[in-house]
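Residue numbers (the UniProt record's numbering): 1 to 234. Note that the Cβ used here is the ideal one computed from N, Cα and C, for glycine as well. Predicted model, so just to flag it, every value in this text is computed and none were measured. Below is one structure, written out as structure tokens; the observations come after it.
Written as structure tokens, this is what we have:
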């Protein structure tokens, strides 16, 4: 579904991503793992068109989307859940969801998706009129997921969903991602919490200093002595 070929991303003279290649299979969950500053988020931002790659190609469903703008990519079926559950803080919960569904022109489809979000997250339904900036961290993460769902993505890019959340809320968020995947949404998950991510994903890549240091099935990565010592504390 998604294929990245020799991607390079730079900010001025700093090379954040140094020629990485990876794939996300249709209906699958792929984890992109590594420490802070490894280049994971830069990779996601290049996929959604927020950062222009220096070189390389990004293919979605066989078509080159390299450098296309975020609004075009949303219409093509790609949505990003940004790091830290960032939401439009001065807007209400429902206004945030409305902004997530701005590409949906069919009123019935829009209402159906809104209802799906509220069924998945009853807490958001209870707080639909509340200003998003007053929500808890976990509620903001729910809202960020719901907002992304409103566009009906076939590929969901998720950036550090566990950041700042309690272990219980982390489990809830990962259960939600698993549910979305079972409904047919492919996921590229960027995460520092390797233990949780490797339980969820089928395939995984480990980034280090802008490069892919390891790749394989989630089971293979979990069993790697290098990963167990460096990242899992085992």
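query	result
Terminal residues of the alpha helix (DSSP H) in which residue 207 lies	Residue 207 -> not in any alpha helix (DSSP H); beta strand (DSSP E) instead, spanning 203–208.
Simplified DSSP state of residue 11, which is helix, strand or coil	strand
Three-state secondary structure assigned by DSSP to residue 71	helix
For residue 215: DSSP bridge partner residues	205
Buried versus exposed call for residue 196 [16 or more other C-beta atoms within 10 Å across all chains shown]	buried
Cutoff 8 Å; reference residue 91; Cβ partners in own chain excluding five residues on either side	99, 131, 132
Opposing strand residues paired with residue 156 [DSSP bridges]	79, 187
Counted within 10 angstroms of its Cβ, other Cβ atoms place residue 75 as buried (16 or more) or exposed	exposed
Range covered by the beta strand (DSSP E) that runs through residue 144	Run containing residue 144: none in the beta strand (DSSP E); it sits in the alpha helix (DSSP H), 137–149.
Cβ neighbours of residue 83 in the same chain (closer than 7 Å, five flanking residues each side left out)	41, 159, 160, 163
Residue interval of the alpha helix (DSSP H) (run including residue 56)	Not the alpha helix (DSSP H): residue 56 falls in the beta strand (DSSP E), residues 55–60.
Separation of residue 34 from residue 194, as counted between CA atoms	8 Å
Distance between residue 49 and residue 212 (C-alpha atoms, nearest Å)	21 Å
CB contact flag (residue 57, residue 23, <8 Å)	no
Secondary structure of residue 100, DSSP reduced to three states	helix
Endpoints, beta strand (DSSP E) assigned at residue 29	29–33
Selection from 68, 200, 93 that minimises the alpha carbon distance to residue 150	93
Residue-chain proximity (residue 101, chain C), Cβ-Cβ < 8 Å	In summary, chain C is missing from the structure at hand, where a single protein chain is found.
8 Å Cβ cutoff met for residue 217 and residue 202	yes
Backbone secondary structure at residue 227 - three-state DSSP	helix
Residue 197 (DSSP reduced to helix, strand or coil)	helix
For residue 177, the nearest candidate out of 87, 146, 222, 67 (CA to CA)	146
Chain-order list of residues whose beta-carbon lies under 6 Å from that of residue 140 (same chain, five-residue window excluded)	85, 87
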